[in-house]
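Quick notes on the structure that follows.
Residue numbers (our numbering): 17 to 622.
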């Protein structure tokens, strides 16, 4: 057998290991690799004191999700462990375990002391968790709001919720103790339920909600602003030989330390979960001995974006790396289409889940198909909507569809609108008419500046560096057009050889990420092409112009050969899932062998 690997790029490609199977389909079938992906609904509005009513509510909510072939429903909830006393915490855990037992639904628990879980009460030392000592200290080099360069994360648009430091020893110890108690309690109670003869679906926990430095940069034109530069953070860096000083700009070494600091924080919490869980109990009832089919800790996940984040925006180092820890699995946070290269790396490190797919960030649920194909254990639809059952059902039944092969073409334009001068004409954006910058959640976006029928436009110039665009041009647009709410909301893609000869290519509606081939509209003998995005918010008031908005535009010169197999064959959705699940299982097996090798006194990793 001869295998040829061809790269059309100018970068070196490295391979760690390659496995070959003569009949993978037969092997996958024999090992029963494939399984449905769980879809968690976060979070049903429980009464918490009327069990019969809450049981009926949950059953009614999941009814539209039943009977699917690719997806199975689950329920997901915040466990605000820094808000509740131990008795109340245990009561709520028992309540959710009962719902899981009586419905047969898996339950996913977010152990959360961030966002709405941020504590405000006494710290046990005479102060409060909201005291400055526990706050992240932000440095903003541009002093955007006039409060000075050094400031707290409050006031902010999130109900003035403070972002607390990850480097206070007392706070970290309290959090770890509480999380350890939760894991120990879940271990004991699930074992007791099984000993009583109850059948209960696997319980999954995941850590914190976006444990990051305060992302002040996301809300203004100060892209280098952020935190945390409090005294404890600076002292911890100094102990590692790093002088952390944002006033003179962050060096690569300082950024690297801040990235590692995120891992240190989540390592403490993940270790608390693992030690609290221990090993699942073996149930002995007379002559009946029931061994656990899996360990609770194998369904414990972190909670972090896959993509780069503050302070290091290098695409070669995604934020997912900060949460690759020893004791629990990686839990991601993304909605919409994810660059599959991130998922390729994540899958190769074992079982994983998308613990937070924020529903307000997307207009559809197409990310479920990608997550399914890439072997995700589950996806939690954060802040799910009543109509989502219909949308999930619409994503079912595509197991035999062919998966798209990612296109890794030559990047020519990568344009965002974070800079206050980003709408001024330059070599990439040659014209902007009838548009304005606006804030949409954490993003700086471009919208039409009126509700007129004329709309607004962004005209881009792509230059292939003197080489003709022989194989064509493609455009990737990230944005939205809420056409389901306003029929006239849309983004039109036009392209041509120059600004005077543009023709319509595609109209985008109800999208989050769109990849549009404009090759037929340009002159392929030329090295230059023009692409225009026309934004329409017709008839809408100015407060709703952002219903049609764009925040990222990328343009690529297409390569001669498409990515993928030379004969053009493609895997089905199920075949892709089987291969990715197999890759993850193999990584988990090696992880387990490494653990027992370490217990035997050897090195952990084989």
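Using N, Cα and C, we set each Cβ at its ideal position, and we do this for glycine too.
Only a predicted model underlies this, so the values are computations on that prediction, with no experimental measurement involved.
Proximity of the region 468 to 475 to the region 549 to 566 meets the contact definition, three or more beta-carbon pairs being nearer than 8 Å. Inter-residue distance for residue 388 and residue 593 is about 6 Å (C-alpha atoms, whole angstroms). Here residue 370 is near residue 395, since their CB atoms are less than 7 Å apart. For residue 195, the closest of 149, 269 and 99 by C-alpha to C-alpha distance is 99. The count of Cβ pairs closer than 8 Å, one atom from the region 336 to 351 and one from the region 281 to 295, reaches three, so the stretches are in contact. When the beta-carbon positions are compared, residue 74 and residue 219 stay at least 7 Å from each other.
If you draw a straight line from the Cα of residue 185 to the Cα of residue 281, it is about 10 Å long. The three-state reading of DSSP puts residue 452 in strand, counting E and B together. Note on residue 541: under 16 other CB atoms within 10 angstroms of its CB, so exposed under the neighbour-count rule.
Residue 520 has 510 as its beta-bridge partners, per DSSP. With fewer than 16 neighbouring CB atoms inside 10 Å of its own CB, residue 141 falls in the exposed class. Within the same chain, Cβ atoms closer than 7 Å to the Cβ of residue 556 are found at 467, 502 and 563, the five residues on either side in sequence being excluded. Following the DSSP letters along the chain, one finds residue 426 inside the beta strand (DSSP E) bounded by residues 426 to 432.
When DSSP states are grouped into helix, strand and coil, residue 267 belongs to the coil group. As computed with DSSP, residue 437 is found in no beta bridge at all.
A straight-line Cα-Cα distance of about 16 Å links residue 20 and residue 32. A direct Cα-to-Cα measurement between residue 119 and residue 93 gives close to 16 Å.
The beta-carbon distance between residue 312 and residue 203, rounded to whole angstroms, is 6 Å. This is short enough to meet the 8 Å contact definition. Residue range 589 to 615 is occupied by the alpha helix (DSSP H) that includes residue 610, with no beta strand (DSSP E) assigned at that position.
One thing to note: residue 478 has its Cβ within 7 Å of the Cβ of residue 429.
Selection 494, 543 and 67 evaluated against residue 525 yields 494 as nearest (Cα-Cα). One alpha carbon belongs to residue 62, the other to residue 133, and they sit about 17 Å apart. Cα atoms of residue 279 and residue 355: separation of roughly 23 Å, rounded to the nearest angstrom.
Per DSSP, reduced to three states, the secondary structure at residue 166 is strand.
About 5 Å separates the beta carbons of residue 223 and residue 319, which is inside the 8 Å limit, making them a contact pair.
Listed in chain order, the non-local C-beta contacts of residue 508 below 7 Å within the same chain comprise 520, 523 and 550, local neighbours out to five positions each way being set aside.
Taking a C-beta distance under 7 Å as the contact criterion, residue 58 and residue 398 qualify as a contact pair.
In the structure shown, residue 546 falls within a strand segment according to DSSP collapsed to helix, strand and coil.
Rounded to whole angstroms, residue 290 and residue 199 show a C-alpha spacing of 8 Å.
Proximity of the region 367 to 385 to the region 411 to 418 meets the contact definition, three or more beta-carbon pairs being nearer than 8 Å. Residue 445 is bridged by DSSP to 476.
Given a length threshold of 3 residues, each whole run of the beta strand (DSSP E) inside the region 360 to 427 is given here in chain order: 368 to 374 and 394 to 398. For residue 173, the number of other beta carbons within 10 angstroms of its own is below 16, and it is reported as exposed. By the C-beta density criterion, residue 165 is exposed, having fewer than 16 other C-beta atoms within 10 angstroms.
In this structure, residue 365 and residue 603 form a Cβ contact; the two beta carbons are roughly 6 Å apart against a cut-off of 8 Å. Contact between residue 379 and residue 498 holds: CB atoms are separated by about 6 Å, below the 8 Å threshold.
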